[in-house]
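Below is one structure, written out as structure tokens; comments come after it.
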Amino acid sequence: MARDGILKVAIAVLFVGVAAVSLGGSLVGAQVYHVVGGDRGWDPSSDLASWSSDKTFRAGDKMWLAYSTAHGYIAEVKSKEEFESCDVTNPIRMFTDGLDSISMDKEGLRYFASSNVESCKNGLKLHVEVMPQSHQSDGPELVAANGPTTPSGSAHLTASLVVLAVGLLCYVLGF
């Protein structure tokens, strides 16, 4: 992967990690951040089918696409037929920034494919089934007890890390 692609993957992983740490687990069981392709990102050498095989995507989750635009863009296509044939001529949306966040707003099937037809036919595409949000209604409702209060220095450090991560992301994306 080109240097800019590696940097974008690293930033996406850093951003997701900082967000998870800064939230202190307050959203456990709620929103999950998926960095597509893991450490390799969306790259021709990635095996996206294997990467996604053990993932569960739920409504409310987010997917991060980190890729080198030198290898093409990413198209979200409408149908399984377009996905399987790598037909990206009429996409729902074309992702072109090299680092994109996609909200999984509702249940259903979603299809993503490389705009480079050769790469797509070699497997650079992703089929996602977005499941309903998980509800723990099978048993008694669990209520979290109040833990110790956070020292003010720790709270400021957490806020500083979030601001730093967002600033770094904006810098890399050219905002």
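Its first residue numbered 371, the sequence shown is counted upward by one per residue in my numbering.
Just so it is clear, CB atoms sit at the ideal spot from N, CA and C, and this is done for glycine as well.
- One alpha carbon belongs to GLN401, the other to HIS441, and they sit about 30 Å apart.
- Around the C-beta of GLU452, 16 or more other C-beta atoms lie within 10 Å, and the residue is accordingly described as buried.
- If you draw a 10 Å sphere on the C-beta of ILE462, you find fewer than 16 other C-beta atoms in it, and that means exposed.
- Using a 10 angstroms sphere on the CB of ALA419, the tally of other CB atoms stays under 16, which defines it as exposed.
- Pairing SER422 with VAL447 gives a Cβ-Cβ distance that is not under 9 Å.
- Straight-line spacing of the CA atoms in GLY478 and VAL487 works out to 25 Å.
- Taking the CA atoms as reference points, THR459 sits about 30 Å from ASP424.
- Around the beta carbon of MET433, 16 or more other beta carbons sit within 10 angstroms, so the residue counts as buried.
- Spanning the alpha carbons of GLY430 and PHE482 requires a straight line of approximately 18 Å.
- Around the C-beta of MET474, 16 or more other C-beta atoms lie within 10 Å, and the residue is accordingly described as buried.
- In the DSSP annotation of this structure, SER420 is not part of any beta strand (DSSP E); the continuous alpha helix (DSSP H) holding it starts and ends at 418-422.
- Scanning its chain for C-beta atoms nearer than 6 Å, with the 5 sequence neighbours on each side dropped, one finds around ILE444 the residues LEU435, PHE465 and PHE482, in chain order.
- Taking each of LEU496, ARG428 and SER455 in turn and checking the Cα distance to GLY411, the smallest one comes out for LEU496.
- Sequence-distant partners of SER485 (beyond 5 residues in either direction) whose C-beta falls short of 6 Å from its own C-beta, in its chain, are GLY442, TYR443, ALA445 and VAL458.
- Bounds of the beta strand (DSSP E) holding GLU446 are 444-447.
- Cβ-Cβ distances below 6 Å link VAL498 to PHE427 and ARG480 in the same chain, with the five nearest sequence neighbours on each side left out; the list follows chain order.
- If you draw a straight line from the Cα of SER416 to the Cα of GLN503, it is about 28 Å long.
- For LYS491, same chain residues with a beta-carbon under 6 Å away, outside a window of 5 residues either side, are CYS456 in chain order.
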